[in-house]
Each structure stands twice: as C-alpha cells, then as structure tokens.
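Enquirer: First to last, the protein sequences are chains A and B. Counting with the numbering used here, you get residues 10 to 168 for the letters of the first sequence. Counting with the numbering used here, you get residues 618 to 765 for the letters of the second sequence. Glycine included, C-beta positions come from ideal geometry on N, C-alpha and C. Only a predicted model underlies this, so the values are computations on that prediction, with no experimental measurement involved.
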Amino acid sequence: MKTQFGTILVEIILFIVAGIAAYIFVSTAYNNLNGISNAAIANSQSLENQLNTYITLDSCAYNSTTNLLYFYVTNRGSVVLNQNLTLLFINGELINNTQIYIANSYTGTSAWGPYDTIAIVANISLATNFYQVRIVASTGAYAQDIIYVNTTAGTCTIE
Amino acid sequence: MRSDLGSIIGAIIGFVIFIVSSSVLYLILNNYYKNFYYTANSIDNQIKNIVGENIKFLNNQTNYSNPYLIIYNNGNKALDLSCFQLYVNGYFSSFNYSINYLYSSNLLLPGENATIYFGNNYLVNNSWNYIILVSCYGVKFQTLIYAN
C-alpha cells in the first residue's frame, strides 16, 4: 500500500510538472508567434507598396553646353509617389544637385501619379562613356539602366 | 499498470507538443508563402500587359515646321495613346494625335493608323532625329525621322 501510494504520488508530481512544461512551451510559442506574425504583416505591407510601385526610365538627354543631364521617369504602378523623394545614383554615387519636376501630368495633380512623367535634371560634367544609372522611388522600388553619353555629339541613349 | 499510465500520459503530452509545434510552423510558413505568391502573380500580370504590343512607323521624313509621325498598330493589343510618352532626341515632347478609325472607339486598335503631331522645340532641321514612343505599359518603340 505504501509503495503503491508513493508511486502514485510520484506519477501525479510528474504529470503536474509535465503539464507546467507544456503550458510554458505553449504560451512562449504563442507570444513569439504573435510577434512573428505582426512582423510578417508589417513586412508584407511594405512589400505590397514596393510591388505596386513600378517606374521606368523612358529616355535621357544630355546638353553638353549647359552640362545638364536629363532623365525622364514615368510612374507605371498604382501607388502615387512623392517625386521630391526620388534619388538618382550614377555609377553607384548619389547625385545631390538635381532638380525634379513633373514633365507631363496625366493625372492633372502636382503629385507623381500613374502615367505621370517626371524629369530629373542633374548638373553634372561627364566624359563620353557608359554609365550605370539607378533611380530610386520613395517606396524603395527602383529603375536601373545603362546609358551612353556622347559629350561631343551632345546625346544620351539608354542601352 | 503504473508504467502503462505513465506511457499514456507521456504520449498525450508528446502529441500535444507535436500538434502545437506543427501549427506554429504552418502559420509562419503560410504567411511567407503568401508573399511569394503575390510577387509571382504581379510579375505575371505585368508580362501579360506588355506582350502583344507593337507599332510600325509609316513615315521616315517630316517637315520641320509642323512635324508629324504616322504610326500603325500591327500588334494584337489595343493601344491607349492618351498615356503614351514621346521623346524627341531624348527630350520629352508633348503631342496631339488623331486616329484613323476603322472601328469607333477611343483606342488605336490593331490594323488602325494614327497621326501624331508634335512641336519642333527639340527637332534638328535637315538632320535625322531619334524618336522614342513609350506605351502605357512601358514598351518602347523607336525610329529615326528626317526633318527638312
């Protein structure tokens, strides 16, 4: 009787310990899952903005007299963008002195909406060469192309 | 009897932990999988929009004072000229257009041609000029035209 009682007691204790361990595991997993789920939702929302942003570098022009390099970028996505937050990189270097304006407003607003074209004008002195150009919109989506600038002829073409 | 009870309880607890772990794993993976599915779908839609658009330039010469382009839709998609962009020698140029309708719509349908009228601000007289016409979905059509 005593040994049986002792064994049953041990089993009860073991069961309680196992139950506590299971509870700790489940509550920790649940809390972590909540955190992971919130992070995934936030990530997918920012990803959605990036996916809905689609900009294309349509054309470029170079005026060798004024040293002005023009890039025309059209918004072909569904997100309205702030054109003033657009960044221009040439060969990986951020170009600071740029002027940005709406070249053509399809939407008729002062924002950079779907099918609106902006002009990015950089005051930069270049040699005849190929350059890698990346234009990054405010959502992080970007358009990247290689351009060829001929300073003698005053032309710029996208490869 | 004692060992049986212990085994049963152990098995139940083990089973519960297994169910909880696999549910957690499923929920985490399902969320990431949805992102990839969304990416693939949106890329697929973009490609479907682009394929099938094609135009032909019918003139390679124009007068300098009132330049124009004649284009012909020889693709298999209707084109909305109102959201096209025109670039003359690299510079953005606004334009007007008139479509020679075979079927009354506001679009340039396959088989129809249209005339595009633009300014000569960036046109070079007595020279070949580089013309880029970009469709609503970003497809570029390019040609050279002689202005005199």
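(1) Taking DSSP as the reference, what is the three-state secondary structure of LEU56 of chain A?
(2) I'd like the span of the beta strand (DSSP E) that includes VAL145 of chain A, first residue to last.
(3) Rank A:VAL142, A:ALA162, A:CYS165 and A:THR161 by C-alpha distance to the C-alpha of THR154 of chain A and give the top, closest one.
(4) Going by C-alpha distance, which of B:LEU696, B:SER711 and B:GLY707 is nearest THR760 of chain B?
(5) Are ARG85 of chain A and TYR115 of chain A close, meaning C-beta to C-beta below 7 Å?
(6) Enumerate, from N- to C-terminal direction, the unbroken beta strand (DSSP E) stretches of 3 or more residues contained entirely within the region 686-754 of chain B.
(7) Using a cut-off of 8 Å between C-beta atoms, extract the partners of ASN706 of chain B located in chain A.
(8) Could you name the residues of chain A that SER711 of chain B contacts, counting a contact when the two beta carbons are closer than 7 Å?
(9) Which same chain residues end up closer than 8 Å to THR16 of chain A when comparing Cβ atoms and leaving out the 5 residues on each side of it in sequence?
(10) Look at the alpha carbon of GLY692 of chain B and the alpha carbon of VAL641 of chain B, and state the distance between them as a whole number of angstroms.
(11) Give a yes or no on whether the C-beta atoms belonging to ALA150 of chain A and ILE144 of chain A are separated by under 7 Å.
(12) Report the neighbours of THR83 of chain A on chain B: residues whose CB is nearer than 8 Å to its CB, in chain order.
(13) Given a cut-off of 7 Å on the beta-carbon distance, is the pair ASN746 of chain B and ASN765 of chain B in contact?
Expert: So, from the listed chains and residues:
(1) helix
(2) Note, VAL145 of chain A: beta strand (DSSP E), 138-145.
(3) According to the sequence shown, residue 154 of chain A is Asp rather than Thr. Taking only the C-alpha atoms, the option nearest ASP154 of chain A is A:VAL142.
(4) B:GLY707
(5) Not closer than 7 Å, so no.
(6) Fully enclosed beta strand (DSSP E) runs of 3 or longer: 702-705, 708-710, 712-717, 730-735 and 744-751.
(7) ALA70 and THR164
(8) ASN113
(9) Apart from the 5 residues on each side of it in sequence, THR16 of chain A has no Cβ closer than 8 Å to any other Cβ in its chain.
(10) 50 Å
(11) no
(12) GLN702, VAL751 and GLY755
(13) no
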